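Visitor: Input: one structure, supplied below.
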Amino acid sequence: MEQKKIRIAIIGAGAIADVHIKAYLQYPDLCEVCAVCDLFPEKAEQLIQANGLTAAKAYKDCREAIASGGIDAVSICLPPQMHAEIAVEALRSGCHVICEKPMACSLEECDAMIAAARESGKLLSVVVQNRCKTPNQKVKKILDEGLIGKVLFATVDSLWWRGQSYYDLWWRGTWDKESSGAMASHGVHHIDLMQWMLGMPESVYAVIRNVGHDNSECEDLGIAILNYPDKLVRLTTSIVNHDEAQQIQFNGEKASIAVPWNVSSNASMVNGFPEENREEEEKLQKYYDDLPDLEREGHPAQLLNFLRAIRGEEALFVDGAEGRKTIELITAIYKSANTGTTVTLPLTGDDVYYQRGGFAKVMPHFHEKHRSVENFVGAKPITLGRDVGK
Ligand SMILES: NC(=O)c1ccc[n+]([C@@H]2O[C@H](COP(=O)([O-])OP(=O)(O)OC[C@H]3O[C@@H](n4cnc5c(N)ncnc54)[C@H](O)[C@@H]3O)[C@@H](O)[C@H]2O)c1
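Residue numbering for the sequence shown is 165 to 554, as defined by the working numbering.
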């Protein structure tokens with residue numbers, strides 16, 4: 165029997181919502197966007213018009229759309245502080261949920277989302293579109309196959325650039341509404357990739373600063389050391405790097421590989437000094453080249469998986485438990501940076517850093533927010549990282 169089209173609501177009609185809509189529009193046989201919701205309904209209306217969403221209605225109150233009975237699945241494209249509340253409400257109303265990053269502002273809220281998914285039997289996914297990029301998939305495959313031997317050291321450079329006005333948007337740069345500065349808004353992409361490829365560390369030590377953004381309570385620069393039994397990872401997240409030279413590099417026993425794709429390998433001379441190992445490099449290069457490219461990348465790839473998982477055709481690529489891991493790492497980074505201690509995972513429920521509103525209670529304000537706009541007027545479409553999946 166032919167399956168009905170999945171009826172989608174887009175919740176939040178800001179910058180990233182357009183990316184979700186354009187992705188869903190690639191799958192007209194599988195789904196239809198039936199609602200776009202925003203506190204500013206004119207923004208919802210504008211997206212409906214611009215994308216020719218003839219079946220869609222604009223809502224000011226997303227709860228009305230969720231409760232209408234006419235929605236099967238929602239894309240949550242709201243500011244982070246609303247993610248958990250709306251996800252739980254949508255799941256309890258019988259909708260499948262895919263939520264933009266960061267999954268939520270606290271581990272307590274992540275757990276509420278996961279519980280709501282379990283209790284409702286509906287799917288909960290979290291956007292990690294960079295996992296759906298060919299080089300990241302190929303590098304993960306090389307690591308999983310053990311082709312560079314044991315990983316000894318990895319470096320993660322989640323380097324971005326944002327101007328001062330970035331933080332003028334009312335919810336950004338606040339511990340209560342955004343839950344972070346650079347780590348959960350930008351570093352989240354590479355932290356997720358890193359933990360997907362290497363798993364979770366035992367402990368974390370971190371330092372954070374705000375070096376260049378005077379309208380944000382939170383950090384714009386952070387450096388963390390992730391401690392595994394057999395390796396270290398050095399992670400830097402910054403939004404002050406003009407070149408946005410993002411890189412994730414794995415140094416194994418046999419070779420070093422990186423995204424953007426790079427491979428190098430040394431053999432040891434008799435005195436231990438390096439000699440280029442062309443044979444190893446060519447072998448890894450050939451393996452990389454022979455792996456197939458993804459048919460689709462980024463949001464369109466992940467949203468297609470979400471739709472197919474709803475139809476029972478394939479397993480969900482990323483569920484709530486998987487999305488939660490990245491929030492746990494970020495939470496440990498903040499706890500370490502604020503306490504000056506090494507933080508051991510996992511974090512427990514009695515920890516203030518685990519709790520809803522915990523960051524707002526304990527994290528320092530690098531600056532007080534003194535400029536705020538409801539919306540940016542005349543902004544061009546946003547960029548989603550330069551080198552994150554090359
Ligand atoms: N995956 C990515 O690469 C990526 C890129 C950008 C943003 N994001 C994430 O997407 C989310 C949204 O970011 P954005 O840049 O689109 O923000 P935005 O401010 O442009 O859009 C958010 C929209 O939500 C609306 N809104 C706020 N509260 C609401 C409520 N209670 N009900 C209905 N609408 C409400 C706002 O009016 C706004 O239009 C954030 O979590 C952000 O981190 C992800």
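C-beta: ideal position from N, C-alpha, C; glycine also. Fair warning: this is a prediction, and the values are worked out from it, not measured in the lab.
(1) Looking at E209 and ligand 1, is the gap between the Cβ and the nearest heavy atom below 7 Å?
(2) Between which two residues does the beta strand (DSSP E) carrying Q426 extend?
(3) Just reading off the beta strand (DSSP E) that G484 is part of, what are its end residues?
(4) Tell me, to the nearest whole angstrom, how far the beta carbon of D321 is from that of T218; I am working on the premise that it is less than 8 Å.
(5) Please list the segments of the alpha helix (DSSP H) lying wholly inside the segment 167-195, counting only runs of 4 or more residues, in order along the chain.
(6) Report yes if the CB atom of R326 is closer than 8 Å to the CB atom of G234, and no otherwise.
(7) Can you look up D308 in the DSSP assignment and give me helix, strand or coil?
(8) Counting pairs of beta carbons, one from the segment 352-366 and one from the segment 511-526, are three or more of them closer than 8 Å?
(9) What runs of the beta strand (DSSP E), each 3 residues or longer, lie entirely inside the segment 218-246?
(10) Determine the direct distance from the alpha carbon of V368 to that of A231, and round the result to whole angstroms.
(11) Quick check: the Cα distance between F437 and A431, rounded to an integer number of angstroms?
(12) Do you know offhand how far L472's Cα is from E478's?
(13) Rounded to the nearest angstrom, how far is the Cβ of R256 from that of A280, given a contact under 8 Å?
(14) Of all the options A524, N391, S420, which has the alpha carbon lying nearest to the alpha carbon of V507?
(15) Pick out the complete alpha helix (DSSP H) segments inside the segment 245-279, 4 residues or longer, and give them in chain order.
(16) With distances taken Cα to Cα, identify the nearest neighbour of T587 among M364, E272, P244.
Guide: Once the coordinates are examined:
(1) Within the sequence shown, the letter at position 45 stands for residue 209. No; taking the cut-off as 7 Å, the Cβ of E209 has no heavy atom of ligand 1 nearer than that.
(2) Here residue 426 corresponds to residue number 262 of the sequence shown, with the count starting at 1. Just to set this straight, residue 426 is Asn in the shown sequence, not Gln. That run of the beta strand (DSSP E) goes 426-428.
(3) Taking the first residue of the sequence shown as 1, we reach residue 484 at position 320. Note, G484: premise wrong, no beta strand (DSSP E); alpha helix (DSSP H) at 484-503.
(4) Position 157 of the sequence shown, counted from the start, is the residue given in the question as residue 321. Position 54 of the sequence shown, counted from the start, is the residue given in the question as residue 218. Wrong, their Cβ atoms sit about 44 Å apart, outside the cutoff.
(5) For the segment 167-195, whole alpha helix (DSSP H) runs of length 4 or above, ordered along the chain, are 181-188.
(6) Sequence index remark: in the sequence shown, residue 326 carries index 162 (1-based). Sequence index remark: in the sequence shown, residue 234 carries index 70 (1-based). For R326 and G234, no; Cβs fall outside 8 Å.
(7) Position 144 of the sequence shown holds residue 308. Note: D308 maps to helix in three-state DSSP.
(8) No, the segment 352-366 does not touch the segment 511-526.
(9) Counting only runs that start and end inside the segment 218-246, the beta strand (DSSP E) elements of at least 3 residues fall at 221-223, 237-240.
(10) If you number the sequence shown from 1, residue 231 lands on position 67. If you number the sequence shown from 1, residue 368 lands on position 204. Going from the Cα of A231 to the Cα of V368 covers about 42 Å.
(11) Taking the sequence shown and counting its residues from 1, one reaches residue 437 at position 273. Taking the sequence shown and counting its residues from 1, one reaches residue 431 at position 267. Just so you know, the alpha carbons of F437 and A431 end up roughly 8 Å apart.
(12) In the sequence shown, residue 472 corresponds to position 308, counting from 1. In the sequence shown, residue 478 corresponds to position 314, counting from 1. Before going on, a small fix: residue 472 reads as Arg here, not Leu. Take the alpha-carbon of R472 and the one of E478: they are about 6 Å apart.
(13) By 1-based counting over the sequence shown, the position of residue 256 is 92. By 1-based counting over the sequence shown, the position of residue 280 is 116. Confirmed, Cβ separation roughly 6 Å.
(14) Here residue 507 refers to the residue found at position 343 when the sequence shown is read from its first residue. Ranked by Cα distance from V507, the first of A524, N391, S420 is N391.
(15) Secondary structure within the segment 245-279: the alpha helix (DSSP H) runs of 4 or more consecutive residues, fully enclosed, are 247-256 (chain order).
(16) Within the shown structure, residues of the chain are numbered from 165 to 554, placing residue 587 beyond reach of any answer.
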